[in-house]
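**Q** Encoded as structure tokens, here's the structure I'll be asking about.
Numbering (UniProt numbering), first residue to last: 1 to 500.
Quick look at the structure:
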């Protein structure tokens, strides 16, 4: 009887393995195939139904580790899809962009089993703080928290990426907290690249004595990565213009809020006279909302070797910035998977050449891309050409000069307004007002123009647009979303510029 039971258990176990393996194979077979330039890649879903995955990295066991904004640190076996939760944060403060954000594992976990996470915490009902905490990894859990950094949590612009430098130092990117003046204030931790020893002390060779500031003048740096040469790159989320990718230098000032992007206005030139500024590696206007950043070192996908991979939220794409041999210039930019997976929050390039991306379609500011199984972690992996010929192959690379047949007004609205007010004009309840039958949109023309020229609260100024473009986009908004209100001319815009 005992032998029969064992036999039946073995049969059942074998059937289980068969269907498990078959399910995995089927997933791989059904994964869409994309052509980059000459390399075919599959894009597999390795995890789905996640609560806004924010960071992806690898752990000591070759498994993928990731954070969820809801407060969980997880690891996943990319082959089986099995997820193990290592930590659930207590007293998490989550609102809009606040929550559990960045994470980095120590590169030598066998001897230094440290994991650093950046998150916002609730100290009381009225007091919220941003923290970077070091945990120790022991038997599939994170224990012994040590607070490296704690400072007031503002309402947004957390930055919150972390990295380990080649010299073993901890690097932290912080946002300005939506308080512009923080970025140029060396006494504030906000809007900075900070450098610590891994025990939380301040290195003696930092630019300023007893100060963690390594570089400053940043707005919302959501990308941070070292190349094998030791060059530190970051992405910085701009305001209405000039998203950036920068090379971070010791003691570098990156200009915000006095300078956005390149020094190309009279006010910026005046500020630059008295400051030593580091220009961006690349800047974008209209903005693309850059987020996570990875360096691709492998030869597995030749098109991406020695390339920065940039996740974008508004851009809904993975951007690629091929670097020169020295890693100091990026003269061309390509983007991949445009509008295919929606908002991309994080990207990680593993040593074997596999790339992982995390979608952010169900965060506080969603767009129209959310799928039923969002949010997801996606695996981009090279496949043989023979496999690709048996499948429908999709084109991944989008030429930068591709244009759609749209009116000038729609293009301007899409570039500068739709990420907040949404393509349908309905905005986001409680945050971005709807434009449909909006009192300002339908009201006095002068008041409408002044709001756009000068901004208000979280809405930035769009005075950098010329009179013609402003007239076109404001007229488009009135025609598309308002039931009344005259069309706006260049002269209307010019009059308000002069008067105010």
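Every residue, glycine too, gets a C-beta built ideally from N, C-alpha and C.
Give the secondary structure of residue 89 by DSSP, where H, G and I count as helix, E and B as strand, and everything else as coil.
**A** Residue 89 sits in coil when the DSSP states are folded into three classes, being neither helix nor strand.
**Q** Please report the residue range of the beta strand (DSSP E) in which residue 378 lies.
**A** Residue range 377-382 is occupied by the beta strand (DSSP E) that includes residue 378.
**Q** Leaving aside the five residues before and after residue 486 along the sequence, list all residues of the same chain whose C-beta is less than 6 angstroms from its C-beta, in chain order.
**A** none
**Q** Buried or exposed for residue 506, please, with buried defined as at least 16 other CB atoms from any protein chain shown within 10 angstroms of its CB.
**A** Residue 506 is absent from the structure shown; the chain starts at 1 and stops at 500.
**Q** Using three-state DSSP, classify residue 74 as helix, strand or coil.
**A** strand
**Q** How do the stretch 376-384 and the stretch 30-49 stand: do at least 3 beta-carbon pairs fall below 8 angstroms, yes or no?
**A** yes
**Q** Out of 440, 162, 296, which one is the CA nearest neighbour of residue 482?
**A** 440
**Q** Helix, strand or coil: which one does DSSP assign to residue 424?
**A** coil
**Q** Identify, in the order they occur along the chain, each residue of the same chain with its Cβ nearer than 7 angstroms to the Cβ of residue 89, setting aside the five sequence neighbours on each side.
**A** The answer, listed in chain order, is 71, 100, 119.
**Q** Compare the C-alpha of residue 474 against each of 225, 430, 410, 341 and name the closest.
**A** The option with the nearest alpha carbon to residue 474 is 410.
**Q** Is residue 75 buried or exposed, if buried means 16 or more other CB atoms sit within 10 Å of its CB?
**A** buried
**Q** Put residue 58 into one of helix, strand or coil per three-state DSSP.
**A** strand
**Q** Would residue 196 be called buried (16 or more neighbouring beta carbons within 10 Å of its own) or exposed?
**A** buried
**Q** Within the continuous beta strand (DSSP E) that includes residue 219, where are the two ends?
**A** Run containing residue 219: none; DSSP gives neither H nor E here.
**Q** Run through the DSSP bridge pairs and tell me what residue 173 is partnered with.
**A** 161, 193
**Q** Excluding the five sequence neighbours on either side, which residues of its own chain have a C-beta within less than 6 angstroms of the C-beta of residue 463, listed in chain order?
**A** 453
**Q** Helix, strand or coil for residue 52, going by three-state DSSP, please let me know.
**A** coil
**Q** As a quick exercise: from 297, 340, 258, pick the residue whose alpha carbon is nearest that of residue 180.
**A** 258
**Q** Suppose you measure from the CA of residue 248 to the CA of residue 126; what does that come to, to the nearest Å?
**A** So the alpha carbons of these two residues sit roughly 35 angstroms apart.
**Q** So what does DSSP say about residue 252, is it helix, strand or coil?
**A** In the displayed model, residue 252 falls within a strand according to three-state DSSP.
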